[in-house]
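Residue numbers (my numbering): 4 to 184.
Every residue, glycine too, gets a C-beta built ideally from N, C-alpha and C.
Here the structure comes first, spelled out in structure tokens, and everything after it is commentary.
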Ligand code: PRP
């Protein structure tokens, strides 16, 4: 694809790491049921692949929050646009995210979900971008630490496109320069 400047994480690297994360989670939880909470839309691809490698009993539910709109920088404004369907009270919850950037989304979500009294609450993110953090977030499972670049693919979009691409790439600046000027 012309938009690809550089592939940062290949499909094989993602699949290998996701399998490892699934195995680590399975070891930690054993036979305890896990309520996976996928944060839409970016977390969807990761959830599907991750869940395949978890041997503990798993349920999943979905939540949608709005923070970025279509821009490439965080606005810091978070609101729930779709809430969970099931109660998480007394459950072992893992939030499944594609990326933690400023941490603002997860900071809000952690507070919100904690108030619903889960038995435990952990975070699993495929990508962690610590250089851009505005609030500290306790991350339990991380796929890859990534640099402070605009990343697209495997759940991450550019103008809602390319979420289905099975690898993560840095787009050519000419495609998005007008949005960050
Ligand atoms: C992305 C990502 C996280 C959030 C991380 O979602 O999926 O939810 O931004 O950024 P932060 O740490 O700076 O808060 P986005 O709002 O782009 O929605 P999407 O998943 O639907 O693309």
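Query	Result
Spatially closest choice to residue 44 from 172, 52 and 66, by CA coordinates	66
Closest Cα partner of residue 55 within the set 34, 104, 30 and 21	21
Simplified DSSP state of residue 133, which is helix, strand or coil	helix
Sub-7 Å separation of residue 172 and residue 158 beta-carbons	no
Cβ-based neighbour list, residue 52, same chain, cut-off 6 Å, excluding 5 preceding and 5 following	21
Close beta carbons around residue 10, own chain, < 6 Å, minus the five adjacent residues each side	170 and 172
Nonlocal neighbours in the same chain, by C-beta distance under 6 Å from residue 187, ignoring five residues either side	There is simply no residue 187 to check, as the chain begins at 4 and stops at 184 in what is shown.
Extent of the continuous beta strand (DSSP E) run through residue 85	82 to 85
Whole-angstrom distance between residue 111 and residue 4, CA atom to CA atom	36 Å
Three-state secondary structure assigned by DSSP to residue 158	coil
Endpoints, the beta strand (DSSP E) within which residue 63 is located	61 to 69
Cutoff 6 Å; reference residue 135; Cβ partners in own chain excluding five residues on either side	104, 105 and 151
Rounded C-alpha distance that separates residue 154 from residue 13	13 Å
Chain-order list of residues whose beta-carbon lies under 6 Å from that of residue 48 (same chain, five-residue window excluded)	157 and 158
Sub-7 Å separation of residue 91 and residue 57 beta-carbons	no
Cβ-based burial, residue 101 [other Cβ within 10 Å; buried from 16]	buried
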